[in-house]
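Chemist: Just so it is clear: in the sequence shown, position 43 is 45 by the numbering used here, and no numbers are missing.
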Amino acid sequence: MIAAGDKISPAEVIRRFGNVCYLCDREIDVMLDDPNDPGYLNIDHIIPIRRGGQHRWDNVAPTHRKCNMSKGA
């Protein structure tokens with residue numbers, strides 16, 4: 003579980019998990035600065051919040067925007 007003050011930020015997700023998309027297993031270009039770019043870094047909730055998942059370290063992973071959007075809820 004996330005401790006008080008322990009933020010889940012894109013930089014922290016990359017630091018903890020690396021810059022590989024957990025859905026397609028390809029490298030994420032962390033230098034992209036356009037959030038609409040399909041390769042842009044997203045933080046995915048493995049079990050979506052709306053399906054009962056929680057905003058915790060054991061439920062987040064780095065993904066490409068395109069991969070995250072294709073996964074859906």
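Yeah, the Cβ is synthetic: ideal placement off N, Cα and C, and Gly gets one too.
#1: Which residues bound the alpha helix (DSSP H) around Asn-61?
#2: Buried or exposed: where does Cys-23 fall if 16 or more other Cβ atoms within 10 Å of its Cβ makes it buried?
#3: Would Ala-63 be called buried (16 or more neighbouring beta carbons within 10 Å of its own) or exposed?
#4: Hey, does Arg-28 have any beta-carbon neighbour from chain C nearer than 9 Å?
#5: Cβ atoms of Leu-25 and Asn-70: under 9 Å apart, would you say?
Modeler: Checking against the coordinates, here is how it stands:
#1: Unbroken run through Asn-61: none, as it is neither H nor E.
#2: That one is buried.
#3: buried
#4: This model lacks chain C altogether; it includes just one protein chain.
#5: yes
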